[in-house]
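Here's the structure we're looking at; comments come further down.
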Amino acid sequence: MTATPIAPFDGFGLGLRTPHYQDFLTSTVPVDFVEVISENFMIDGGRPRHILDQIRERHPVALHGVSMSIGSADGLDRAYLDRLKTLIDHVDPLFVSDHLCWTRIAGFNAHDLLPLPYTDEALDLVCANILQAQDMLERPMLIENPSTYLQFTADSMTEWQFLDAMCARTGCGLLLDVNNIHVSAINHGFDPITYLDGVPADRVRQIHLAGHSQGRDCLIDTHDQPVPPPVWALYAEACRRVGPVATMIERDDDIPPLADLLAELDMARAIATMDRRQAA
Amino acid sequence: MSLAAMQRDFARWLTDRSGTMTAWVDGAAHVGLDVYHNAYRVRLADCLHEMFEKTALWLGDEAFMAAARAHIDSSPPHGWTLGVYGDGFDRTLARLYPDDREVEELAWLDHALARTFEGRDADPVSADMLAGVDWDDAGLIFVPTLSIGQATTNAGAIWSALAAQEQPPAAAMLTQPSALLVWRQSFTPCFRTIETVEADILADAVAGASFGALCASLIDRLGEETGVAAAGALLGQWIGEGLIADIRHVGSNRIATPFMQ
Numbered sequence: 000m001t002a003t004p005i006a007p008f009d010g011f012g013l014g015l016r017t018p019h020y021q022d023f024l025t026s027t028v029p030v031d032f033v034e035v036i037s038e039n040f041m042i043d044g045g046r047p048r049h050i051l052d053q054i055r056e057r058h059p060v061a062l063h064g065v066s067m068s069i070g071s072a073d074g075l076d077r078a079y080l081d082r083l084k085t086l087i088d089h090v091d092p093l094f095v096s097d098h099l100c101w102t103r104i105a106g107f108n109a110h111d112l113l114p115l116p117y118t119d120e121a122l123d124l125v126c127a128n129i130l131q132a133q134d135m136l137e138r139p140m141l142i143e144n145p146s147t148y149l150q151f152t153a154d155s156m157t158e159w160q161f162l163d164a165m166c167a168r169t170g171c172g173l174l175l176d177v178n179n180i181h182v183s184a185i186n187h188g189f190d191p192i193t194y195l196d197g198v199p200a201d202r203v204r205q206i207h208l209a210g211h212s213q214g215r216d217c218l219i220d221t222h223d224q225p226v227p228p229p230v231w232a233l234y235a236e237a238c239r240r241v242g243p244v245a246t247m248i249e250r251d252d253d254i255p256p257l258a259d260l261l262a263e264l265d266m267a268r269a270i271a272t273m274d275r276r277q278a279a
Numbered sequence: 000m001s002l003a004a005m006q007r008d009f010a011r012w013l014t015d016r017s018g019t020m021t022a023w024v025d026g027a028a029h030v031g032l033d034v035y036h037n038a039y040r041v042r043l044a045d046c047l048h049e050m051f052e053k054t055a056l057w058l059g060d061e062a063f064m065a066a067a068r069a070h071i072d073s074s075p076p077h078g079w080t081l082g083v084y085g086d087g088f089d090r091t092l093a094r095l096y097p098d099d100r101e102v103e104e105l106a107w108l109d110h111a112l113a114r115t116f117e118g119r120d121a122d123p124v125s126a127d128m129l130a131g132v133d134w135d136d137a138g139l140i141f142v143p144t145l146s147i148g149q150a151t152t153n154a155g156a157i158w159s160a161l162a163a164q165e166q167p168p169a170a171a172m173l174t175q176p177s178a179l180l181v182w183r184q185s186f187t188p189c190f191r192t193i194e195t196v197e198a199d200i201l202a203d204a205v206a207g208a209s210f211g212a213l214c215a216s217l218i219d220r221l222g223e224e225t226g227v228a229a230a231g232a233l234l235g236q237w238i239g240e241g242l243i244a245d246i247r248h249v250g251s252n253r254i255a256t257p258f259m260q
């Protein structure tokens, strides 16, 4: 199957997290969409699915996965994809995304977004896996750039070159995580603007904004902080290049009151709107 | 480079920092390898701590984390969901605490309740569905979230006290081996400790015995009058607790397969 282009959507959303379920169920939250972690709802039943159904009646939902392991040398997990397809059919999501990474090999599952070497072998494998996933899911995917803490001696291309080739060969879209670009740029010493100039802007359908922490020797993508100034600045640069696309605040730990995240979302709106005015 | 070989080496690095992963990265990247190794262990330990909350309260954080580390060393994760990583942690605890059976049973209960939370939905039968049932040949279909575990200690009472933030009782062996019954009522996980007779009858019912066969079994054990009364009481309690999802004609069979997990 050749992936059909993903329809543009330029709303502003939040990651739906447990502490905010009641806010979303009992009030009108000013977001254009919510994003959920797919695996949390790829379950047989119970309260989480019931809550998702109620929220789906109020907001478009994006499904964001962490366990597809699109870069696994073992190939894809058919049972996993079947479960994801069932959820997709139920939710009719705005986007279906996962990460440029691997999590599983030889029956072992790391439950972490592990880095790939940027080589022709890895590119061939990732493209084959994306094409297979898109066939099984009957829709194009968005693939998110990872934050990484090491580089491989075998790397033969940059991450942005890898993403560009991956999109061209598979028809997938990009979920551009601006915080991840910042984290990796600091950790590996590349220019984040060069990265933004290198990714195919017309393939970006969604942007993630998040915070990070300073580790002992490198930045860590912890998602436990507000979006910091350097990431806001990079977001403004990204908006200039990709135009109006969906933007989301991604907070996974030390989750603050919903109002704090909505204030961050207002900031994203202001930056994106300023860029759109300037473009007009 | 072989991607598969690198990924196998990376997996070994994550689990015990052995193997030849360092050969795939330059010297400066060793810092990054440590980040991934630490994140792997912290994530699994956090998963166990969240899933086995009452067990952690009972043992104390230091002892619990030592047990979690032992489990992480011996049981690398295999499923795509962390929801199944707790499978077998009760057996790890049984190995670590052979003289404290309540620890294993408390962990089994924590795990069963957590798994029940996201189990398959099923509407329980209501009282108005009971009219006209031929009870002799009726089979009871239980809700899919039902699970039954062994109880030799007062782990159930300890769990309840910890959940209520009350002082838990001292660990004690039950006078008779019994069972822990776990299920979900609507969206709320529930449990209760059940006595041997109910555990045996429930195991038969789950295995497909007709209600008539269950009555006969109870009469054998308790006598005619008490047995019939007990059968009615158990049926009423199971229906009231939302344990029964359907009642079907099965014939007058009797199956007595043990149903302990």
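Same order as they appear, the protein sequences are chains A and B.
Its first residue numbered 0, the first sequence is counted upward by one per residue in numbering that gives the first Met the number 0.
Its first residue numbered 0, the second sequence is counted upward by one per residue in numbering that gives the first Met the number 0.
Beta carbons: idealized from backbone N, C-alpha and C, even for Gly.
Since the structure is predicted, the reported quantities are computational estimates derived from the model, not experimental observations.
With DSSP collapsed to three states, give me the class of A/G12. DSSP places A/G12 in strand when its eight states are reduced to three.
May I ask you to report which of helix, strand or coil DSSP gives B/E194? B/E194 falls in the coil class under three-state DSSP.
Say whether chain A places a C-beta atom closer than 9 Å to the C-beta of B/T14. For B/T14, the answer is yes, since a Cβ of chain A falls inside 9 Å of its Cβ.
Any chain A beta carbon closer than 9 Å to B/Q236: Residue contact with chain A for B/Q236: absent (no Cβ-Cβ distance below 9 Å to any residue of chain A).
With burial defined as no fewer than 16 other Cβ atoms inside 10 Å of the residue's Cβ, what is the status of A/T193: buried or exposed? Exposed.
Counting only Cβ-Cβ distances shorter than 7 Å, please list the residues of the stretch 121–141 of chain B near chain A, keeping chain order. Cβ contacts with chain A: none found.
Which residues of chain B have a Cβ atom closer than 8 Å to the Cβ of A/A121, listed in chain order? Using a Cβ-Cβ cut-off of 8 Å, A/A121 is close to L2 of chain B, given in chain order.
Nearest-angstrom Cβ-Cβ length linking A/M165 and A/V198, presumed shorter than 8 Å: The Cβ separation is near 10 Å, so there is no contact.
Scan the stretch 70–112 of chain A and note each continuous alpha helix (DSSP H) run of 4 residues or more that stays entirely inside, going in chain order. Runs found: 77–90.
Are the beta-carbon atoms belonging to A/V182 and A/A237 less than 9 Å from one another? Their beta carbons are not under 9 Å apart, which means A/V182 does not touch A/A237 by this criterion.
Taking only the alpha-carbon atoms, compute the straight-line gap between B/L56 and A/G45 and give it to the nearest angstrom. Straight-line Cα distance between these residues: approximately 26 Å.
First and last residue of the alpha helix (DSSP H) that includes B/E52? Counting along the chain, the alpha helix (DSSP H) containing B/E52 begins and ends at 52–58.
Closer than 8 Å by C-beta to B/R119: which residues in its own chain qualify, once you throw out the five before and the five after it? Chain order, please. Here the set comprises P143, T144.
Residues in the stretch 136–158 of chain A with C-beta within 8 Å of chain B's C-beta atoms, listed in sequence order? Taking 8 Å as the Cβ-Cβ cut-off against chain B, the residues of the stretch 136–158 of chain A that qualify are T147, Y148, L149, Q150, F151, T152, A153.
For B/A10, return the contacting residues in chain A, with the cut-off set at a CB-CB distance below 8 Å. Contact of B/A10 with chain A by beta-carbon distance below 8 Å involves I104, A105, F107, A109.
Would you check if there are 3 or more beta carbon pairs closer than 8 Å linking the stretch 80–87 of chain A to the stretch 36–53 of chain A? Result yes; three or more Cβ-Cβ pairs closer than 8 Å.
Could you check what DSSP says for A/D216 in three-state terms: helix, strand or coil? Here A/D216 carries a coil assignment [DSSP, helix/strand/coil].
Can you tell me where the alpha helix (DSSP H) with A/E236 in it begins and where it stops? Per DSSP, A/E236 belongs to the alpha helix (DSSP H) from 228–241.
Report the residue from A/S212, A/D216, A/T152 whose alpha carbon sits nearest the alpha carbon of A/D252. Ranking A/S212, A/D216, A/T152 by CA distance to the CA of A/D252 puts A/S212 first.
Which bits of chain A does B/F186 rub up against, with CB to CB less than 8 Å? By Cβ distance, chain A contributes G45, R46, H49.
C-beta atoms of B/L32 and A/L149 nearer than 9 Å: Contact: yes.
A/I100 touches chain B at which residues, Cβ-Cβ below 7 Å? Going by the sequence as given, residue 100 of chain A is Cys instead of Ile. Contact of A/C100 with chain B by beta-carbon distance below 7 Å is absent, the smallest such distance being about 11 Å.
Chain B contact for A/A127 (CB, 9 Å cutoff): A/A127 has a beta carbon lying at 9 Å or more from every beta carbon in chain B.
Under 9 Å between C-beta atoms of A/G14 and A/D31: Cβ distance not < 9 Å, so A/G14 and A/D31 don't count as in contact.
When burial is assigned at 16 or more other CB atoms within 10 Å of the CB, is A/V89 buried or exposed? Here residue 89 of chain A is His; the residue named in the question, Val, does not match the sequence. By the 10 Å Cβ count, A/H89 comes out exposed.
Beta-bridge pairing of A/F151 - partner residues as DSSP gives them: Paired residues: B/V24.
Anticipated Cβ contact below 8 Å, B/Q184 with B/E117, distance rounded: So it is not a contact: roughly 15 Å between Cβ atoms.
Residues of the stretch 67–100 of chain A with Cβ closer than 9 Å to any Cβ of chain B, in chain order: Against chain B - using a Cβ distance shorter than 9 Å - the residues of the stretch 67–100 of chain A are M67, S68, G70, S71, A72, D73, D76, A78, Y79, R82.
With 16 as the cutoff for other CB atoms within 10 Å, does B/R114 come out buried or exposed? With a threshold of 16 other beta carbon atoms within 10 Å, B/R114 meets it and is buried.
Using DSSP's beta-bridge definition, name the partner residues of B/V181. Answer is B/S146, B/F190.
Going by DSSP, what residue range makes up the alpha helix (DSSP H) through A/V203? Unbroken run through A/V203 is the beta strand (DSSP E), 203–208; no alpha helix (DSSP H).
Option nearest B/H248 by Cα separation, candidates B/L129, B/V227, B/A106: That would be B/L129, whose Cα lies nearest to the Cα of B/H248.
If you scan the stretch 110–181 of chain A from start to end, which runs of the beta strand (DSSP E) of 3 or more residues do you find wholly inside it? For the stretch 110–181 of chain A, whole beta strand (DSSP E) runs of length 3 or above, ordered along the chain, are 141–143, 172–176.
Using a threshold of 9 Å, state whether the C-beta atoms of B/A154 and B/E101 are closer than that. In this structure, B/A154 lies near B/E101, with their beta-carbon atoms less than 9 Å apart.
Hey, how far is the Cα of B/P188 from the Cα of B/L233? Going from the Cα of B/P188 to the Cα of B/L233 covers about 20 Å.
B/I218 beta carbon less than 9 Å from that of B/I140: Against a cut-off of 9 Å, the Cβ pair of B/I218 and B/I140 comes out as no contact.
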